[in-house]
Structure formats: structure tokens, C-alpha cells
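Enquirer: Shown below is the structure under consideration.
Chains as they are written, first to last, in the numbering used here: chain A, 1 to 385; chain B, 1 to 136.
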């Protein structure tokens, strides 16, 4: 197996792109990533996307994105793993380069969510859950997370207000990210009065529905060393799975998929949680942020929220999370999110995160979760010296 | 929701039929023909009592397409007395009366109606235990 590096990144602002179709969203990020890498040719394109069929009436996205990104003829395939699609596509690109089947690979995440009305988008997102035994009964994807949040509060004795630090931190960091959807701070006091979505989840617990696209270029690490840009090595790439339905889990309050995925990643990289300088976690809902911190080994069961309450998740904290705004404030264009996370970790490791720079960042971890924890994709990136 | 898809799940939707593992005795719902506890083949049908308790719950104000007529409605994770957990809507109860640990029982109710022309689809919901007695 060969070492794999990320040699270029690109992204567009997350938001409501009324004037841009699904097929056009990825063009800018792909070109930006290629320009950043200084490499015009590529051997393959892998596209992370969850809902193009449901929300844009368009499947067969690999060839379409390739064609409209100026890459007609290239090997191109769509990868789907619900909200974990972006990182799953990176995993496939990594396998291709590490295995020696391709040299230069472009991985793009793209999602167009704003064309449909609310009830349709809600029904589409529920496809991440168990169709016959969750969604059939009227569960929205928010509701699945609300069931987790209510139980988390009950078992561990937290109030709803205790979750506020995740949103406050995410919004604070998004202020300095020109690609973020919500570039404004929120106060913890507003948390108590935010609009209820699905009791106990309110608007400030939730990531927004939005459009977005991001891309990275991969190459063998040996080749990357000869380029001008500071290459970032993929020190670990791992996937863990669990049941789709929350009710089928060993313990719904534990993300077994995250435990499996991060353990594999730590083993590959030869590191542990204490070595990670920043953690781009999957804060689709605030309870997911807490469960992710626990699943990734930063906190014991029930203590993930404690890290946030103790002020440990800020840029200068012990475990900086959502350093560019996270899913909450940068936005969560579902199938693109995993690539945004990777782009942001690369920015941090290159020392280009501006006011949000984590000091001396050398090892960054990104974790992209499909569904309520059924697919968990973890990547650890390392600054190459 | 197509007719065959509902038809093949009628034993689960109407009677909560799962499976029992002949090797370790685990009760399994929904059926998966493979014991999640010991990984032995498990194809012996087992009808659950329909009694359980609320493990967690939430009220949905923004329903997915197809469920607008029910909103707001309360959903729950229900821990069945035989062991497994399932997800269901609660019925015959006000949202603010629901609590974790509350005993509930299965009833058969309308789950979806697919427009004027479409089939009315029934399935399980759960209501507070002893609901019938308390009403009569």
C-alpha cells in the first residue's frame, strides 16, 4: 500500500444557491482543487452525494458531474452512504490511490437540497433511517435524533440548555469562515427560546438544509512531495457500521460505529485521542456532537457534553471541534459535508485557517456520520514535514 | 408505499411477529433470520405480547410528506417486555402526558393513507397500558 496525500482543496460557500443547478455546483470546487494542486490531469472522480435522485430528480451523478466539470471520459462513480457520503467517497478515492490503481484522484462532495419543499426534504432525509421500521411509522430524521437527545438528557441528567455550547462554539467559528452559511454569533441565552423543531430538538440544535460542493485532489505521497503546495498525508481512513435503526443498537446511547471506525483509524495512524489537535465532528444535531466525542474516545459515556460545558471544545481548548463552523453553522449539505470537513482540516494543517487557526496543528481528525450512526467514516490527516 | 411491500410485512405490522433464537433463546424483532446475540440461524416465528415501556419519545411538528394529517404526533422508542426495542407512534395520549418508563401496549391503527385513490395502510401504534379499562 502507498501513502496517500491531499494535494489540493476547493469549496463553494454553503447556502441557498437558487441560481445554480446540481450539475454546476461542483465545477468551481473541482477547478479550485485542481488549481490548488497544480495538476490538470486526473485518473478518476468519485462523487459523494446522498439525495440527488430524491431532491433533484437526477441519479447517475458520477458521469454527470464529470461531464460538467470538464472531465468527460474520466472514470467517475457516485458513492452514497447517507450523510456520510462525502467521506465515503474519499475513502474510495483513498483505496484507489493507496492500492496503486490510480495516481491522481479527485473526490467531490455535492448536494442540492433547496429545490424541494420542506415536507419533501424531510421525507428524503428520512431515507437515511430504516425504511420499514422507522420512516414508515412517520419518523423524520430529526425525530430519530430527538429520541436520542431525550434519552441522553434522561440517562445523564442534563438539561436542554446544557447543549448550548455546541451551537455557540460552531457559530463563533463560522464568523471567520467565508464559506460558512451562518457567519454570525449566537448567544447561549437564545438557545432557550429558539423555535422547536422536534421536541427536545430546536432550531439551534439543528444543522440547516442547504446546497454545497467541495472537492479534494489525492495523489501518492511520494509524488506530492515534488509539488509546491504543502501536502497533507492521509494517516488513517476507516469505516465502521452499525444498525440503521436506533432501536436495533446494542445500546442506543453508544455509537458503536464510531467506536469501531475511530479505533481502526487510531490503529492505522498509530495515535490516540490525546494526539489529535482538532476534531471536525458530525454535529448534525447537538446530541450527535456529544455522542461523537464519546465514540471517538475523547470522553467517557455521558461525558461528551461535559467537555463542551467545561469550555474544552473551543479553538484554544483541549479538543477543538467544528473549527470552521461545523455542520451547525458552516452548514450541512448532506452528501458534501464529509468533503467540507476534510477541506477544513487541510486548511488547519496548512496553517491557513486565519483567526480560527489551531496553534501548531499537526494531526487533525474528521468524522462523517451516515444516518444516526449506521455508517461512520473517520479520517486522520497529518501535516507532512 | 407499494402493496407488495406492505403485504409481505403484515405479520409484523398487525401482530408483531418476530423470531426466537433456538440456540440462545433471544427474542428478535424485526425478524432477520439471524440471531443478533449469538449469530445462529433464527427462523422460528415468535409473536410478541405488544407490552412494553417508553424508552424515549419526541413530538413531531414538521412531518415528512405523507404524514401531514397526523401532525403534531408523538413517536417513541418502546422497549418490549420480551427484550427488543422498536420505534412507533404513540396514540390515545397527550404529548405532555408521555414519560420515559411509561407502560404502553400495542394497538392497530391507520399509519398512512395514500390519497383518495390509494390504499389505507395499517400498522402498530402504542397507547398507555390499561387505556381501555380506564375509558369504560
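We put the CB at the ideal spot given by N, CA and C, even for glycine. Small disclaimer: the values here were computed from a predicted structure and weren't measured.
Looking at the strands, I want to know which residues DSSP matches up with residue 108/A.
Expert: The partner list for residue 108/A (beta bridge, DSSP) reads 47/A and 215/A.
Enquirer: Below 6 Å CB to CB, which residues in the same chain sit around residue 146/A once its five sequence neighbours on both sides are set aside?
Expert: 198 and 201
Enquirer: Would you decide whether residue 279/A is buried or exposed? Buried here means 16 or more other CB atoms lie within 10 Å of its CB.
Expert: Buried: at least 16 other Cβ atoms inside 10 Å.
Enquirer: What are the boundary residues of the alpha helix (DSSP H) that includes residue 176/A?
Expert: It is not in any alpha helix (DSSP H) - residue 176/A carries neither H nor E in the DSSP assignment.
Enquirer: 8 Å is my cut-off, CB to CB: does residue 138/A come that close to chain E?
Expert: You won't find chain E in this structure, because its protein chains are A and B.
Enquirer: In the structure shown, what three-state DSSP assignment does residue 34/A receive?
Expert: helix
Enquirer: Measuring straight from C-alpha to C-alpha, what distance separates residue 47/B and residue 137/A?
Expert: 20 Å
Enquirer: Going by the DSSP bridge assignment, what does residue 57/B pair with across the sheet?
Expert: 76/B
Enquirer: Taking buried to mean at least 16 other C-beta atoms within 10 Å of its own C-beta, is residue 380/A buried or exposed?
Expert: buried
Enquirer: Does the Cβ of residue 120/B have 16 or more other Cβ atoms within 10 Å, making it buried, or fewer, making it exposed?
Expert: exposed
Enquirer: Counting Cβ pairs, one atom from each stretch, are 3 or more of them under 8 Å apart for the segment 96 to 111 of chain A and the segment 31 to 48 of chain A?
Expert: Touching, yes, given that three or more Cβ pairs across the two stretches are closer than 8 Å.
Enquirer: Just mark residue 2/B as buried or exposed, buried being the case when its beta carbon has 16 or more other beta carbons within 10 Å.
Expert: exposed
Enquirer: For residue 247/A, does the count of other Cβ atoms within 10 angstroms reach 16, so buried, or fall short, so exposed?
Expert: buried
Enquirer: Decide yes or no for the touch test of the segment 217 to 230 of chain A against the segment 160 to 169 of chain A: beta carbon pairs closer than 8 Å, at least 3 of them.
Expert: no
Enquirer: Quick one: which unbroken beta strand (DSSP E) runs of 3-plus residues sit fully inside the segment 80 to 137 of chain A? Chain order, please.
Expert: Taking only runs of at least 3 residues, the beta strand (DSSP E) segments lying wholly in the segment 80 to 137 of chain A are 105 to 111.
Enquirer: Could you give the uninterrupted runs of the alpha helix (DSSP H) lying entirely in the segment 235 to 303 of chain A, keeping only those of 4 residues or more?
Expert: 256 to 269 and 286 to 295
Enquirer: Using a Cβ-Cβ cutoff of less than 6 Å, which residues in the same chain neighbour residue 135/A once the five nearest sequence positions on both sides are dropped?
Expert: 126 and 129
Enquirer: Taking the C-alpha atoms as reference points, what is the distance between residue 12/A and residue 111/A?
Expert: 12 Å
Enquirer: Based on the DSSP secondary-structure assignment, which residues constitute the bridge partners of residue 126/B?
Expert: DSSP, once it has assigned bridges, lists 90/B and 106/B as partnering residue 126/B.
Enquirer: For residue 60/B and residue 227/A, I'd like the C-alpha separation in whole angstroms.
Expert: 52 Å
Enquirer: Express the C-alpha separation of residue 69/B and residue 4/A in angstroms, rounding to a whole number.
Expert: 52 Å
Enquirer: For residue 387/A, does the three-state DSSP call read helix, strand or coil?
Expert: Nothing in the structure corresponds to residue 387/A, since chain A is present only between 1 and 385.
Enquirer: Could you run through the segment 75 to 107 of chain B and flag, in chain order, every residue whose CB is less than 7 Å away from some CB of chain A?
Expert: 75, 77, 85, 86, 87, 88, 89 and 100
Enquirer: Tell whether a beta-carbon distance below 8 Å holds between residue 98/B and residue 53/B.
Expert: no
Enquirer: May I ask you to report which of helix, strand or coil DSSP gives residue 359/A?
Expert: In the three-state reduction of the DSSP assignment, residue 359/A falls in the coil class.
Enquirer: Please work out which residues of its chain come closer than 7 Å, Cβ to Cβ, to residue 133/A, disregarding the five sequence neighbours upstream and downstream, and give them in chain order.
Expert: 245
Enquirer: Specify, as a first and last residue, the run of the beta strand (DSSP E) that residue 229/A falls within.
Expert: Residue 229/A -> no beta strand (DSSP E), and no H or E assigned at all.
Enquirer: Might you give, ordered along the chain, the residues of its own chain that have their beta carbon closer than 7 Å to the beta carbon of residue 327/A, omitting 5 neighbours on each side?
Expert: The residues are 207, 282, 283, 284 and 337.
Enquirer: To the nearest angstrom, report how far apart residue 76/B and residue 243/A are at their CA atoms.
Expert: Just so you know, the alpha carbons of residue 76/B and residue 243/A end up roughly 18 Å apart.
Enquirer: Rounding to the nearest angstrom, what Cα-Cα distance links residue 209/A and residue 24/B in this structure?
Expert: Each residue's Cα considered, the two are about 45 Å apart.
Enquirer: Can you tell me which of the three DSSP states residue 68/A falls into?
Expert: helix
Enquirer: Measuring CB atoms only, is the segment 357 to 372 of chain A touching the segment 341 to 348 of chain A, in the sense that at least three cross pairs come out at less than 8 Å?
Expert: Yes, the segment 357 to 372 of chain A is in contact with the segment 341 to 348 of chain A.
Enquirer: Can you tell me where the beta strand (DSSP E) with residue 47/B in it begins and where it stops?
Expert: Residue 47/B: member of the beta strand (DSSP E) spanning 44 to 47, first to last residue.
Enquirer: Between which residues of its own chain and residue 85/B is the CB-CB distance below 7 Å, once the five residues before and five after are set aside?
Expert: 55, 77, 78 and 79
Enquirer: Rounded to a whole number of angstroms, what is the C-alpha to C-alpha distance between residue 116/B and residue 371/A?
Expert: 33 Å
Enquirer: Indicate the three-state DSSP secondary structure (helix, strand or coil) for residue 52/A in the structure shown.
Expert: helix
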